[in-house]
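>
Encoded structure:
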């Protein structure tokens, strides 16, 4: 497992950078003086602006309290792992630009995918010691949640690697698998070539492997460092990988995909995607997963293609439909079981970048948005 090294250390309850600046200041809330269990939480401290780059200081670590007792239907959970993901950049804006994402509110606790363990339960279907997950887990060390909103997990499915439920065996893996199945039109024996951008990220690193498992004869990844490209080829079974920061992407694609591109798993958008689309075949398919290169810009989602690229898309009848995994939750159970089987059989290799401590979640988010992660970006909150 790849563990990120961040230049932060603890000093008297504050979290400060080695350079003397401050990432997240430990702020004691007035509520901490009241009766209750003292916890730590991370709130949205400021918005980066629609076209701004997010920074660690957009988040703030606070001390707060939760009630000592829980009500009927509730559970108290201790947070084990939290996920930081590119879509969260949209939630930092007052207007997310999406009809399915709610914005985070200033001075309110942020939330996202999380895994934790039940410490106390007054919900019939959950007991102390159960491992649970939610898409809207609050960024805090301990939380009181509605038991009906939690999903009980089976640790044996991932050989006890609980963080995998936020990545390869969770919404990330589902996005890769269902995106390929529903929008990729991959057929075994059809001699199809797949290209994956953002290929060393959480979703891309899985998508390339799943494309191969589903029947693609050639898989080429695009990533931003030589190390990432090496991992894609040597560990994850990609046929080749392109470092987009070196040389001409279009030229490399022509060399590595001489028969053109049949399936494009698009995690980034922008110039890289324009280069790929230019080399796609007639009746080929774009799986529109994410547009990380566009998330810091005030543009609609999915962003419109440049006129010359849109002309190519139409002339070649290339499909480019928005893919939202939440629309396919009826296939969640069987798909997760498939992902877990591949993981157990060693057919799906999993990479994670793990940052220790809730205090560093803002720095982890900033790093992930600028390509600092290999595989899924995870924050380990407690053991």
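Numbering (my numbering), first residue to last: 514 to 896. We treat Cβ as the ideally placed atom computed from N, Cα and C, and that holds for glycine.
Find the nearest neighbour of residue 847 within the set 686, 834, 648, judged by alpha-carbon distance.
686
> Look at the alpha carbon of residue 505 and the alpha carbon of residue 682, and state the distance between them as a whole number of angstroms.
As displayed, the chain neither begins before 514 nor continues past 896, which places residue 505 out of reach and without an answer.
> From this set, 744, 603, 555, which residue's C-alpha is nearest residue 653's C-alpha?
555
> Using C-beta distances below 7 Å, list every residue in its chain close to residue 802, excluding the 5 sequence neighbours before and after it, in chain order.
So the qualifying residues of the chain are 688, 692, 716, 778, 779, 780, 836.
> Assuming residue 732 contacts residue 724 (C-beta within less than 8 Å), just tell me the rounded distance between them.
So it is a contact: roughly 5 Å between Cβ atoms.
> List the DSSP bridge partners of residue 650.
DSSP lists 625 as partners of residue 650.
> When the Cα of residue 637 is compared with those of 831, 624, 585, 758, which residue comes out closest?
585
> Could you tell me which residues DSSP pairs with residue 664 in its beta bridges?
646
> On a Cα-Cα basis, can you pick out the residue from 852, 634, 657 that is closest to residue 719?
For residue 719, the nearest C-alpha among the options comes from 852.
> By alpha-carbon positions, which one of 599, 825, 838, 634 ends up nearest to residue 883?
Per the Cα distances, 599.
> List the residues that DSSP assigns as beta-bridge partners of residue 888.
714
> Find out if the Cβ-Cβ distance for the pair residue 588, residue 631 is shorter than 7 Å.
yes
> Any idea if residue 662 is buried or exposed, counting beta-carbon neighbours within 10 angstroms, 16 or more meaning buried?
exposed
> Note down the Cα distance separating residue 827 from residue 552, rounded to an integer number of angstroms.
Taking the straight line joining both Cα atoms gives about 54 Å.
> For residue 840, which option in 612, 572, 755, 788 has the closest C-alpha, if you only look at C-alpha atoms?
Nearest option by C-alpha distance: 612.
> Keeping to the same chain, check which residues put their C-beta closer than 7 Å to that of residue 808; ignore five residues upstream and five downstream.
Bear in mind that the predicted position of residue 808 carries a pLDDT of just 41, short of 50, making it too unreliable to give a figure here.
> Helix, strand or coil for residue 684 per DSSP?
In the three-state DSSP reduction, residue 684 falls in the helix class (H, G or I).
> In angstroms with no decimal places, state the Cα-to-Cα distance between residue 538 and residue 573.
Annotation note: pLDDT 40 at residue 538 (below 50); position unreliable, coordinate value reported separately. When rounded, the distance between both Cα atoms is 6 Å.
> Can you check whether the CB of residue 696 is closer than 7 Å to the CB of residue 800?
yes
> Measure the alpha-carbon distance for residue 532 versus residue 726 and round it to whole angstroms.
Per-residue confidence for residue 532 stands at a pLDDT of 32, beneath the threshold of 50, marking its modelled position as unreliable; no derived number is given.
> Tell me the rounded alpha-carbon separation between residue 864 and residue 722.
12 Å
> If distances are taken between C-alpha atoms only, which option among 698, 885, 877, 618 comes closest to residue 834?
Nearest option by C-alpha distance: 698.
> Under the rule that 16 or more other beta-carbon atoms within 10 Å means buried, what is residue 857, buried or exposed?
exposed
> Tell me the rounded alpha-carbon separation between residue 885 and residue 876.
10 Å
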